[in-house]
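Residue numbers (the UniProt record's numbering): 1 to 294.
One structure is given below, encoded as structure tokens.
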């Protein structure tokens, strides 16, 4: 079963849907209520089903992924309901009576995209760029709503997370499909956040030894990077305090293992992927504060 973050558990260790929905950052109270109603509907429909937990948590995973992209409430509701429709727990016709046509139309569009799995090219090792482009065009032609594609990408990420402990052949099959089709599709659509996660899981399953090596190096380098950034930010704050400026400093670094895979010969280029920003009231104040780096 997909792990649920402890922040969403109540004192009894049970999943707290209200706490979870509040953590998604949805601004509209009405949207939060509609999502809560959808959760209740899913609970009701899966009552007594042998795979109830898996179906429910798959929906939760998909909603969390999509909420980071600030998708609308119909998209989030469709994502939560999709595992039930896909698992044939509830028919689309019956579902429409309770959740409405707009949400079920999205679900239907996502399910239509599953037909692409019948193509051998989605699972083979070597696929030409022309084949990938043709399949991608077919996928986009299957749906009338862009949101269906985004839901499908979230569903594939949830699936990659789920197969982590499954037999190797199942992990490899899922990774090949996402490498050939869905990661390039996310890239084409400009959804970098989903593309990176797809690539990370695919690299982990297709090249496990290399993944472990790079993950170890990234961990070691992260300690060095964090020490460097802490030292740099401390010096920056001191300089600004000395010059009576009140900045807000932020820093970041690359954490993608798949990005590390692109630097296989040497992990040191990742040391350059460090950023430190400073927010002050004017350009002149910025230059005054840090002339060495301005």
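For every residue, glycine included, the Cβ atom is placed at its ideal position computed from N, Cα and C.
Only a predicted model underlies this, so the values are computations on that prediction, with no experimental measurement involved.
On the criterion of 16 or more Cβ atoms from any shown chain inside 10 Å, does residue i qualify as buried, or is it exposed?
| i | result |
| --- | --- |
| residue 69 | exposed |
| residue 67 | buried |
| residue 82 | buried |
| residue 17 | buried |
| residue 378 | Because the chain is modelled from 1 through 294, residue 378 falls outside the range shown and cannot be assessed. |
| residue 174 | buried |
| residue 305 | As shown, the chain starts at 1 and ends at 294. That puts residue 305 outside it, with no answer to give. |
Which of the three DSSP states is assigned to residue i in this structure?
| i | result |
| --- | --- |
| residue 84 | helix |
Could you tell me the distance, in whole angstroms, from the CA atom of residue i to the CA atom of residue j?
| i | j | result |
| --- | --- | --- |
| residue 95 | residue 60 | 18 Å |
| residue 100 | residue 71 | 18 Å |
| residue 176 | residue 242 | 55 Å |
| residue 35 | residue 56 | 13 Å |
| residue 211 | residue 203 | 7 Å |
| residue 28 | residue 240 | 39 Å |
| residue 215 | residue 166 | 21 Å |
| residue 188 | residue 14 | 40 Å |
| residue 312 | residue 157 | Here the chain comprises residues numbered 1 to 294, so residue 312 is not present and cannot be evaluated. |
| residue 112 | residue 135 | 14 Å |
| residue 147 | residue 106 | 7 Å |
| residue 19 | residue 43 | 16 Å |
Enumerate in chain order the residues of its own chain whose CB-to-CB distance from residue i is below 6 Å, with the five nearest sequence positions on each side excluded.
| i | result |
| --- | --- |
| residue 201 | 160 |
| residue 194 | 153 and 186 |
| residue 63 | 76, 79 and 80 |
| residue 26 | 32 |
| residue 24 | 67 |
| residue 142 | 112 and 113 |
| residue 179 | 202 |
Once you ignore the five residues that flank residue i on each side, which residues in its own chain have a CB closer than 7 Å to its CB?
| i | result |
| --- | --- |
| residue 45 | 84, 89 and 90 |
| residue 21 | 32, 35 and 36 |
| residue 104 | 92, 95 and 96 |
Measuring only between beta-carbons, confirm whether residue i sits less than 7 Å from chain D.
| i | result |
| --- | --- |
| residue 226 | Absence of chain D from the displayed structure is noted, only one protein chain being present. |
Once you ignore the five residues that flank residue i on each side, which residues in its own chain have a CB closer than 8 Å to its CB?
| i | result |
| --- | --- |
| residue 170 | 163 |
| residue 102 | 74 |
| residue 98 | 41 |
| residue 191 | 69, 150 and 153 |
- Message: Pairs of beta-carbons, one from the stretch 41-52 and one from the stretch 85-101, closer than 8 Å: are there three or more?
- Response: yes
- For the stretch 148-156 against the stretch 73-85, are there 3 or more C-beta pairs whose distance is under 8 Å? yes
- Query: Touching or not, the stretch 169-187 and the stretch 129-138, by the rule of three or more beta carbon pairs under 8 Å?
  - Reply: The count of Cβ pairs closer than 8 Å, one atom from the stretch 169-187 and one from the stretch 129-138, reaches three, so the stretches are in contact.
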